[in-house]
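Beneath this line is the structure, given in structure tokens, with notes to follow.
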Amino acid sequence: MTMTEARPTEGATPTSPDALSTPPRPVGDAVLDSADHKRVGLTFLCFGLIAFVVVRAVGAALGGELTQAGIQIVGDDSRRLYSLYESGLVLLVLGPLWTGIATYVLPLQLGASRLAFPRLQSFALWTTVGGAGLFVAGHLIDPPPGVGLSDPTPLQAPIGGVNDGTNLILVGVLLLAGASIIAAGNLLTTALTLRTDGMTLSRMPLFAWSVMASAAGVLLASPVFLAGAFLLYLDLHFGGSALFGPGNDADLVWQKSLWLYGRPEIFLLALPGLGAACDIVVTAARRTIADPPMPPIPAGARRRLRHPVPGVTTPLKGHILAIGAIGAFVGFSLLAWTQDRLSLNALTLPTATVGTALVVLPVGLLVLLWLGTLGQARAKPTLALAFVVAALLVWGAAAVNAAVAGIVGVRGHALASGQVELVAIGGPTLLVFGALHHWSPKLFGARLSAVAGGLVLLSGLAGTLALGIGQSLAGYAGSGAHLKDFRVSTVDGGIVLARANRGQGGFVLAQVGHVLLLFAGIVLILDIARVLAASRRAEPAAADLTDGVTLEWATTSPPPPANFVEVPEVRTEAPLADLAAYNTDAAKETK
Amino acid sequence: MASMLALPPAAQVIERTRQRNALIVGTALYGLAALMVVVGLIGAYLTVRAGQVAWPPEGVKKQNYLGSMNVVAALLLLITAEWIVWAVRSDERRQAAQATGLALLLEASMLNATITAIDRAGFGAGSHAYGTLFYSFFVVSVAAILAGLGAVVLMGAKLIGRQVSAAESQLARAVSIVVHVSAITWLMTWCTLYAASR
Amino acid sequence: MLSTLSKAYIAYSLLGAAGALVYIFGTGGDHLGGTLLVALVVAGLAFATATSLRVVVDTDFDRPVAADAPPPALLPVADPGPSVGPSLFPFAAAAGLTLLGAGVTTDPGIVILGAAVMAVGAAGWVGQSWRDHPLWTERFGRRVGDRAVGPFSYPLMAMVLGAAVAFSISRLYLAIEESAATVVSVLLAAMVFGGAVILAVGKNVGRRLTAALSGVALVAVVGSGVAGYAAGERTIEAHEEKGGEVELEAEGIAYTVNHLEVPEGVVKLTFVNHDPAGTLHDVGVYSAPPLGTDPTAFVPGKPFVAVLPIDGGQKGTTLIDTTVVGLELGQSYLYRCDFHPGMTGTLTVVPAKAATEKGHVKE
Chain A
5 MTMTEARPTE GATPTSPDAL STPPRPVGDA VLDSADHKRV GLTFLCFGLI
55 AFVVVRAVGA ALGGELTQAG IQIVGDDSRR LYSLYESGLV LLVLGPLWTG
105 IATYVLPLQL GASRLAFPRL QSFALWTTVG GAGLFVAGHL IDPPPGVGLS
155 DPTPLQAPIG GVNDGTNLIL VGVLLLAGAS IIAAGNLLTT ALTLRTDGMT
205 LSRMPLFAWS VMASAAGVLL ASPVFLAGAF LLYLDLHFGG SALFGPGNDA
255 DLVWQKSLWL YGRPEIFLLA LPGLGAACDI VVTAARRTIA DPPMPPIPAG
305 ARRRLRHPVP GVTTPLKGHI LAIGAIGAFV GFSLLAWTQD RLSLNALTLP
355 TATVGTALVV LPVGLLVLLW LGTLGQARAK PTLALAFVVA ALLVWGAAAV
405 NAAVAGIVGV RGHALASGQV ELVAIGGPTL LVFGALHHWS PKLFGARLSA
455 VAGGLVLLSG LAGTLALGIG QSLAGYAGSG AHLKDFRVST VDGGIVLARA
505 NRGQGGFVLA QVGHVLLLFA GIVLILDIAR VLAASRRAEP AAADLTDGVT
555 LEWATTSPPP PANFVEVPEV RTEAPLADLA AYNTDAAKET K
Chain B
74 MASMLALPPA AQVIERTRQR NALIVGTALY GLAALMVVVG LIGAYLTVRA
124 GQVAWPPEGV KKQNYLGSMN VVAALLLLIT AEWIVWAVRS DERRQAAQAT
174 GLALLLEASM LNATITAIDR AGFGAGSHAY GTLFYSFFVV SVAAILAGLG
224 AVVLMGAKLI GRQVSAAESQ LARAVSIVVH VSAITWLMTW CTLYAASR
Chain C
11 MLSTLSKAYI AYSLLGAAGA LVYIFGTGGD HLGGTLLVAL VVAGLAFATA
61 TSLRVVVDTD FDRPVAADAP PPALLPVADP GPSVGPSLFP FAAAAGLTLL
111 GAGVTTDPGI VILGAAVMAV GAAGWVGQSW RDHPLWTERF GRRVGDRAVG
161 PFSYPLMAMV LGAAVAFSIS RLYLAIEESA ATVVSVLLAA MVFGGAVILA
211 VGKNVGRRLT AALSGVALVA VVGSGVAGYA AGERTIEAHE EKGGEVELEA
261 EGIAYTVNHL EVPEGVVKLT FVNHDPAGTL HDVGVYSAPP LGTDPTAFVP
311 GKPFVAVLPI DGGQKGTTLI DTTVVGLELG QSYLYRCDFH PGMTGTLTVV
361 PAKAATEKGH VKE
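Chains as they are written, first to last, in the working numbering: chain A, 5 to 595; chain B, 74 to 271; chain C, 11 to 373.
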């Protein structure tokens with residue numbers, strides 16, 4: 005740590021943890037009218053978790069039909085439910101969950117008493133809920149053509165004309181995108197303007213940095229999605245297929261603007277997770293990210309190196325490198341997005357491989373920094389760290405799967421589904437769960453149960469791996485994606501009328517994964533409900549400065565309405581560590 | 074006051090200024106997002122146009138009069154928005170009111186012209202790809218103009234309430250950003266649909 | 011306003027723009043490279059804006075700590091501005107927006123409802139932030155309300171209220187049966203009368219009671235109006251078409267037709283005088299002469315109606331309402347020219363449907 009401070013002079017009052025303890029008990033705001041970012045963030049989280057259970061249940065119902073021939077759970081509705089399942093995981097689950105965590109935690113990490121525009125976040129919350137309602141209602145009223153936004157080809161008007169369902173879905177999507185833009189702008193403004201005294205951009209916690217980067221990405225990318233959705237709405241509403249029909253070059257417009265898995269926001273869902281993982285590591289290690297060893301260059305040259313950040317005296321500062329890695333992740337993911345279809349062939353195209361590899365580089369750098377930090381601090385493992393490891397395992401499995409697929413040559417499109425489940429959904433979901441456990445004292449008032457957390461971890465990890473690998477195995481066997489149900493061969497007089505679907509074993513494994521993930525979600529919700537109910541009855545716990553090194557640990561659990569009574573002055577990236585070090589020195593002095 | 078001792082004076086000024094700028098920064102970011110919508114539409118327009126032989130399609134007559142008048146109004150709006158900010162910062166309440174009124178009239182005239190242009194288009198949003206893109210540009214412009222109208226009305230309300238002054242001029246700058254965005258949205262639309270056509 | 015740092019970024023962006031133009035034209039429109047260069051230009055301009063707005067300044071990246079600085083202190087939380095209390099208006103605005111979205115795909119009525127809710131939410135939000143400002147006082151708020159808001163809002167509210175009541179009642183009447191309409195009318199009258207009685211006679215009729223009664227009445231009326239709108243209109247019986255057209259001609263000091271059938275109701279009579287100019291004719295309708303009397307010698311009393319005195323070679327048209335002038339259905343009357351008593355004919359009033367075209371008898 006680069007702390008240049010003098011020995012305390014006589015008469016200076018040592019800072020005491022008692023000054024931060026027992027403020028008045030926070031008054032509970034009602035849910036509908038609260039402008040308190042903590043209440044709004046909690047509502048986002050509740051919405052996201054309930055959506056997780058609902059969407060996963062839909063997925064389990066769909067998957068169940070594929071395990072054996074003759075099982076009918078949803079019947080002919082499977083195509084519209086596929087659309088709901090795949091879009092819902094992105095729009096209804098991961099988006100609101102990360103928005104909720106960021107809304108709650110960001111002002112705490114910055115030492116601010118509120119968001120920049122508190123009531124606007126409430127507006128974004130209720131617009132999200134309303135848009136989600138319209139989105140789901142649209143899927144249930146009338147069947148949309150195709151699998152909606154998760155299809156690489158444009159949504160056509162259904163036979164018989166555009167129905168109310170398709171229109172409702174698009175209006176819901178417009179509202180959801182608009183709400184995410186509003187929330188992102190709010191968070192970014194808070195990070196840029198409401199930092200506490202002494203917190204420069206380079207001293208911001210890494211989760212705050214990742215929220216800034218995601219918010220900037222959302223502000224740039226989501227409006228394009230909005231434009232595409234609006235174009236599609238106009239096109240379908242006034243007769244259908246003037247723009248997105250055959251004969252126009254609208255395929256490219258669809259893929260760049262509307263197709264969920266062709267857009268940069270798929271990567272942006274992982275970005276807050278990387279930031280949260282960095283903070284989990286930093287808290288476990290009780291220090292900021294360690295500086296990596298310098299390359300062997302002479303000391304004179306080292307001094308003459310011009311540093312990219314003015315005033316930073318140590319080159320290759322770990323914290324700055326981590327910030328750079330987060331920024332690079334955004335940049336490279338936007339670059340990877342410029343690749344064409346995320347089709348099966350793209351897995352082996354060199355341009356796509358290079359693009360995706362570039363995204364992997366910053367992640368790899370971060371992992372190395374984490375290992376270095378944890379090793380140096382000889383940190384004890386925590387539950388949240390285990391979730392981070394689980395996410396890395398899932399991504400590793402996806403990488404191995406992609407390599408094997410490239411070598412073997414795969415025929416079935418179910419592989420793409422499996423990869424999406426692992427990379428875009430599974431990893432970020434595990435990171436969300438880890439973040440919830442990490443910040444649970446602040447979010448819910450007390451730490452979540454370790455036993456329940458272990459259950460969630462194991463079933464979440466096993467479920468994600470089973471789901472992703474199961475679908476990939478079906479793909480290796482040659483099965484397609486988005487199947488209606490499992491067909492066996494029908495043979496009539498020696499002639500094969502219909503070929504059986506292949507990959508039944510893979511689908512059975514995937515179904516096991518679905519059930520495990522559903523179980524993980526339910527256990528998590530029950531645990532959170534229990535902790536919330538208990539903390540409502542109890543007094544807020546006093547701040548413990550040894551809980552972590554960033555500012556959110558310097559207040560009570562849960563925090564008071566103004567977030568802090570007093571904020572420690574920030575001089576480095578780990579203000580509480582400085583405070584603790586000073587207190588130790590002061591205690592030694594007085595002895 | 075421990076904070077005063079801990080930080081050098083210049084840094085204190087920066088902290089306070091930065092906190093008061095939250096409204097301006099936020100409005101600028103949302104304005105950027107709004108402009109990105111237009112950029113997305115321009116991208117779609119260029120992509121679709123590249124694949125067509127006849128553009129605009131047969132039977133579409135481009136009428137430039139209303140669009141050009143709107144460009145003039147937009148340019149005037151850009152200047153009027155800056156006048157609002159200057160008047161508030163110089164504590165000239167009367168000029169601020171005049172500028173706000175002028176901005177209101179200009180926004181209303183732009184709204185009128187844009188809606189009339191949609192009315193007189195001569196084709197529907199579902200007639201052909203050009204129609205869909207045309208309508209989407211115009212609806213987005215109308216939305217931006219409505220946002221500008223709302224901002225100017227808010228400015229008027231705050232002026233009546235004496236809640237903007239030279240000391241507290243952030244709202245004037247924020248309102249001017251929204252008005253700028255509404256004008257620039259139209260300018261971008263006009264450039265794409267009329268000025269840069271083949 | 012432009013700091014040195016932002017000027018540097020603007021210069022860098024201009025260079026980048028020039029480079030982008032050269033590159034795009036030179037390579038004949040390469041998309042990827044052009045896009046990257048344009049992105050660099052945009053990034054430069056964004057940095058220039060950020061630095062000129064003092065959002066990002068040099069000391070934002072690092073701030074060295076002096077060697078003799080005091081130990082890290084506990085600071086009071088920085089005050090970002092006026093406190094922001096709870097508010098239901100963001101929820102209302104969001105609900106209105108959702109209703110608007112739902113209505114756009116289903117029913118225009120829901121669009122209007124959604125827009126109204128959103129307008130209320132937005133207006134309330136602005137109003138609340140206006141009142142939250144530290145400079146606002148009760149007295150000032152009242153003054154502004156009296157001078158600026160009241161003169162517009164009270165008449166507007168009155169108009170809206172009147173329109174809502176009128177619309178609701180009309181919708182209600184359009185939906186219910188004719189027989190039920192009488193009951194409803196009596197109920198409405200009783201409501202108004204009863205309310206007036208309570209206000210006039212009641213001793214302790216306070217604001218609360220008045221407001222409660224008015225509120226209940228308003229909700230009842232508007233609610234039934236909405237129900238009527240949703241139920242749709244009943245079939246309204248078509249009124250019978252009454253009246254028609256009759257054509258009469260005169261030639262050679264005689265009517266061309268001696269027996270006229272005139273439909274009940276408003277009749278358009280067209281009279282053509284084919285005689286030479288100077289010979290005036292008209293049409294006068296009188297009571298029929300008693301049976302057996304020669305019509306040409308009959309001297310009737312006052313005519314029911316005497317119209318269209320026109321010169322020879324002319325044509326005239328007029329409207330006669332048989333019920334107004336007193337011609338009864340099924341009765342026969344005498345019509346004759348007042349200038350030439352020998353010109354007579356018989357006119358019978360028949361039901362509107364039975365009359366043939368132009369009043370001639372069907373053979």
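For every residue, glycine included, the Cβ atom is placed at its ideal position computed from N, Cα and C.
Quick caveat: nothing in here was measured; it's all calculated off a predicted structure.
Proximity test, Cβ basis, 9 Å: residue i and chain A
| i | result |
| --- | --- |
| Tyr267/B | no |
| Pro117/B | Residue identity differs from the one stated: residue 117/B is Ala in this sequence, not Pro. Answer yes: the Cβ-Cβ gap between Ala117/B and chain A drops below 9 Å somewhere. |
| Leu260/B | no |
| Val2/C | This structure cannot speak to residue 2/C, because chain C is shown only from 11 to 373. |
Any C-beta of chain C under 9 Å from that of residue i
| i | result |
| --- | --- |
| Phe127/A | yes |
| Tyr89/A | no |
| Trp130/A | yes |
| Lys231/B | yes |
| Pro122/A | yes |
| Leu105/B | yes |
| Met7/A | The pLDDT assigned to Met7/A is 37, lower than 50, so where the model puts this residue is not dependable, and the model offers no usable value. |
| Ala171/B | Note that residue 171/B corresponds to Gln in the displayed sequence, not to Ala. No - not a single Cβ of chain C is within 9 Å of the one on Gln171/B. |
Opening and closing residue of the beta strand (DSSP E) in which residue i lies
| i | result |
| --- | --- |
| Arg346/C | 342 to 346 |
| Asp331/C | 325 to 331 |
| Ile320/C | 315 to 320 |
Beta carbon proximity, residue i to chain B, threshold 9 Å
| i | result |
| --- | --- |
| Ala316/C | no |
| Tyr586/A | no |
| Thr108/C | no |
| Val267/C | no |
| Phe150/C | yes |
| Ala231/A | yes |
| Ser226/A | yes |
| Leu235/A | yes |
Residue i, enclosing alpha helix (DSSP H) - first and last residue
| i | result |
| --- | --- |
| Leu530/A | 508 to 541 |
Member of the options whose CA lies at the smallest distance from the CA of residue i
| i | options | result |
| --- | --- | --- |
| Met109/B | Glu90/A, Leu224/A, Leu235/A | Leu224/A |
| Phe437/A | Cys50/A, Trp374/A, Ala34/A, Leu365/A | Cys50/A |
| Val512/A | Val59/A, Leu70/A, Thr47/A | Leu70/A |
| Ala57/B | Leu102/B, Asn143/B, Ser238/B | Nothing can be reported for residue 57/B, as the shown portion of chain B is limited to 74 through 271. |
| Lys321/A | Ala329/A, Ala546/A, Val334/A, Pro296/A | Pro296/A |
| Asp156/C | Tyr208/B, Ile233/B, Phe210/B, Val213/B | Ile233/B |
| Ala470/A | Gly509/A, Ala454/A, Val59/A | Gly509/A |
Cβ separation of residue i and residue j, assumed to be a contact under 8 Å, to the nearest whole Å
| i | j | result |
| --- | --- | --- |
| Gly200/A | Gly115/A | Here residue 200/A turns out to be Thr, not Gly, going by the sequence shown. Confirmed, Cβ separation roughly 3 Å. |
| Ile406/C | Ala56/C | Missing from the structure shown is residue 406/C; chain C here goes from 11 to 373 and no further. |
| Ser463/A | Phe523/A | 5 Å |
| Phe248/A | Val363/A | No, Phe248/A and Val363/A are not in contact; Cβ-Cβ is about 29 Å, not under 8 Å. |
Worksheet item: Quick check: the region 132 to 142 of chain A against the region 472 to 481 of chain A, are there 3 or more CB pairs under 8 Å?
Response: no
Worksheet item: Can we say the region 315 to 323 of chain C touches the region 286 to 305 of chain C, given the rule of at least three CB pairs closer than 8 Å?
Response: yes
Worksheet item: Is the region 195 to 214 of chain C close to the region 254 to 272 of chain C, with three or more CB pairs under 8 Å?
Response: no
Discussion item. Assess contact between the region 97 to 104 of chain C and the region 110 to 129 of chain A, defined as three or more Cβ pairs (one per stretch) separated by less than 8 Å. Is contact present?
Written reply: yes
Worksheet item: If you pair each beta-carbon of the region 190 to 197 of chain A with each one of the region 207 to 221 of chain A, do three or more pairs fall below 8 Å?
Response: yes
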